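Trainee: According to mature numbering (1 follows the signal peptide of the UniProt record, and there is no 0), the residues represented by the sequence shown are -27 to -1, 1 to 108, in order. Ideal Cβ placement from N, Cα and C applies to all residues, glycine included. Note that the structure is predicted; figures quoted are calculated from it, not measured.
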Amino acid sequence: MTRASFFGRRSLAALLAAALAAASVFATPAARAEGRIRIAEQFGIVYLLLNVARDQHLIEQNPDGAVDAYLRVNHSKAGRALLLNIVKDPQVQFKIAPQNTFALAQFMHRVGAIRNEPKTWRDYFFDDPATAQGS
């Protein structure tokens, strides 16, 4: 091993360590900010419904913050006013359980987007207490 490659590896390792340390320092406060819509607190399907339920209440309590978080994460070209009108519309509901999905599934089968025709909405959802009240 030459002296140049040794120092090259050492400096690369130091740079990588510094980048990881900086990422953990700057990412932690954003993930733990209370009262804000969280992008991801934990990775994994176990935490998904918990985060969705918690964020559902935040959307209802703070629609402005929800729209801002959506725009920040998705870099959407949609106007903030349009999205705010959608979120505040009383006909739009944010629920964990699926709602009115069966008609969409039947349509998708008719146009060939899905091969097997579902007989009920439970054909394409797992049995789960969170989806028990769905349709």
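Assuming the contact rule is C-beta atoms closer than 8 angstroms, L31 and G38 should be a hit. Round their C-beta distance to whole Å, please.
Mentor: Taking the first residue of the sequence shown as position 1, residue 31 is located at position 58. Taking the first residue of the sequence shown as position 1, residue 38 is located at position 65. 7 angstroms between Cβ atoms; contact.
Trainee: Counting beta carbon pairs with one atom in the region 74 to 93 and one in the region 55 to 63, are three or more of them shorter than 8 angstroms?
Mentor: No: fewer than three Cβ pairs fall under 8 angstroms.
Trainee: Start and end of the alpha helix (DSSP H) containing G38?
Mentor: On the sequence shown, residue 38 is found 65 positions in, with the first residue counted as 1. Segment 36 to 47, the alpha helix (DSSP H) holding G38.
Trainee: Compute the Euclidean distance between the alpha carbons of V60 and Q66, then round it to the nearest angstrom.
Mentor: Locating residue 60 in the sequence shown gives position 87, where the first residue counts as 1. Locating residue 66 in the sequence shown gives position 93, where the first residue counts as 1. Straight-line Cα distance between these residues: approximately 8 angstroms.
Trainee: Is DSSP giving F75 helix, strand or coil here?
Mentor: For the purposes of this step, residue 75 is taken as the residue at position 102 of the sequence shown. If DSSP states are grouped into helix, strand and coil, F75 belongs with the helices.
Trainee: Quick check: the Cα distance between F80 and K68, rounded to an integer number of angstroms?
Mentor: Here residue 80 corresponds to residue number 107 of the sequence shown, with the count starting at 1. Here residue 68 corresponds to residue number 95 of the sequence shown, with the count starting at 1. So the two alpha carbons sit approximately 22 angstroms from each other.
Trainee: In whole angstroms, what separates the C-alpha of E90 from that of T74?
Mentor: What you label residue 90 is simply residue 117 of the sequence shown in a count that begins at 1. What you label residue 74 is simply residue 101 of the sequence shown in a count that begins at 1. Rounded to the nearest angstrom, the two C-alpha atoms are 13 angstroms apart.
Trainee: Measuring CB to CB, does W94 end up less than 8 angstroms from P71?
Mentor: Walking along the sequence shown from the start, residue 94 turns up at place 121. Walking along the sequence shown from the start, residue 71 turns up at place 98. Going by C-beta atoms, W94 is nearer than 8 angstroms to P71.
Trainee: Within 10 Å of its beta-carbon, does A(-6) have 16 or more other beta-carbons around it, so buried, or fewer, so exposed?
Mentor: Walking along the sequence shown from the start, residue -6 turns up at place 22. Only weak support exists for where A(-6) lies, its pLDDT of 48 falling under 50; the value from the coordinates is given anyway. A(-6) comes out exposed.
Trainee: Short of 6 angstroms in beta carbon distance, which residues of its chain neighbour R88, apart from the five on each side in sequence? Order them along the chain.
Mentor: Position 115 of the sequence shown, counting from 1, holds the residue named residue 88. Same-chain partners within the cutoff: there are none.
Trainee: Could you compute how far the alpha carbon of V(-3) sits from the alpha carbon of A51?
Mentor: The residue labelled residue -3 in the question sits at position 25 within the sequence shown. The residue labelled residue 51 in the question sits at position 78 within the sequence shown. Note that V(-3) scores a pLDDT of 44, beneath 50, so its modelled location is shaky; the value from the coordinates is reported in the next line. Approximately 32 angstroms between the Cα atoms of the pair.
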